[in-house]
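Residue numbers (this note's numbering): 339 to 575.
Below is the structure:
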């Protein structure tokens, strides 16, 4: 499978070495380079790469800053001259972590793994269950498929996301997040909450012709009367 790869590294020699190695790997196409956080984010938006070869230490921030807020996030292989970031990288579910100087066989293995995990191309703009996003709060980072998210709830001007056994505050509004999500997956239960319909375990009638949804994690979400009507229409057989 062909992989379109963006190299992000502030060292010109390191970028050239990676580009040279990629030229010898079938199916690997280097579509561009970037040397700092702003240029990397611009290149991701413009080029839509399948994979980032991403240095962790950059002049204007870190590799984690590059992918924060990118949706969907490409597959990521971190590259760095230091190994103290390895634990954090794998906690974030990075595809691989390569210590410089990068060995050609390690790069080849990382790309093979990326090819196995790459999703089929999609023309849709909305994010679905298999799309992966990068979430960050403080020093904690995660790559999360949207299907793992249980619910998203308003928290002041921001939104709080529940997934796995974690809860993360995002500096984005619920409306902004809803606009990016597939409505067949995430349903607006009330003015404050989006729920992942795949995470609904049971539905019980509530007062005023509303419903109470119980999610797989045991949490309960109330549907207003108006949203209950829309829920019935959307979920009807």
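All C-beta atoms, glycine included, are put in the ideal place defined by N, C-alpha and C. Note that the structure is predicted; figures quoted are calculated from it, not measured.
Let me know if residue 534 comes out buried or exposed under the rule of 16 or more other beta-carbons within 10 Å of its beta-carbon. So residue 534 ends up on the buried side.
Whole angstroms are fine: how far does the CA of residue 485 sit from the CA of residue 503? In a straight line, the C-alpha of residue 503 is about 14 Å away from that of residue 485.
Just mark residue 371 as buried or exposed, buried being the case when its beta carbon has 16 or more other beta carbons within 10 Å. By the beta-carbon neighbour count (other beta carbons within 10 angstroms, threshold 16), residue 371 is buried.
Residues of its chain near residue 398, where Cβ-Cβ distance is below 6 Å and the 5 sequence neighbours each way are ignored: Taken in chain order, the residues that qualify are 374, 375.
Are residue 415 and residue 436 close, meaning C-beta to C-beta below 8 Å? In contact: residue 415 and residue 436 (Cβ atoms closer than 8 Å).
For residue 560, which beta-bridge partners are listed by DSSP? Beta-bridge pairing links residue 560 to 550.
Minimum C-alpha distance to residue 392 - residue among 559, 466, 433: Selected option, being the one with the closest Cα: 433.
Option nearest residue 408 by Cα separation, candidates 448, 481, 365: Per the Cα distances, 481.
Straight-line gap, residue 547 to residue 563 (C-alpha atoms, nearest Å): Cα-Cα distance, rounded: 6 Å.
Under 8 Å by Cβ, that's how I've got residue 341 and residue 362 pegged, so tell me the actual separation to the nearest angstrom. That pair is no contact at about 14 Å.
Which residues mark the beginning and the end of the alpha helix (DSSP H) in which residue 370 is found? Boundaries around residue 370 are those of the beta strand (DSSP E), 366-372, since no alpha helix (DSSP H) includes it.
Given that a residue counts as buried once 16 or more other Cβ atoms are within 10 Å of its Cβ, and exposed if not, what is residue 358? Exposed, by the Cβ-count rule.
From the DSSP output, in three-state form, read off residue 386 for me. Coil at residue 386, not helix or strand.
Exposed or buried, which one is residue 425 when buried takes at least 16 other CB atoms within 10 Å? Note that residue 425 has pLDDT 45, beneath the 50 cutoff, so the model's placement of it is unreliable and the number below is only indicative. That one is exposed.
In whole angstroms, give me the CA-to-CA distance for residue 570 and residue 557. If I take the Cα positions, the gap works out to 20 Å.
Does DSSP put residue 399 in a helix, a strand or coil? Here DSSP, grouped into helix, strand and coil, assigns residue 399 to strand.
Might you give, ordered along the chain, the residues of its own chain that have their beta carbon closer than 7 Å to the beta carbon of residue 368, omitting 5 neighbours on each side? Excluding sequence neighbours, residue 368 sits near 343, 345, 357, 360.
Measure the CB-CB distance between residue 402 and residue 479 and report whether it falls below 8 Å. The answer is yes: Cβ separation under 8 Å.
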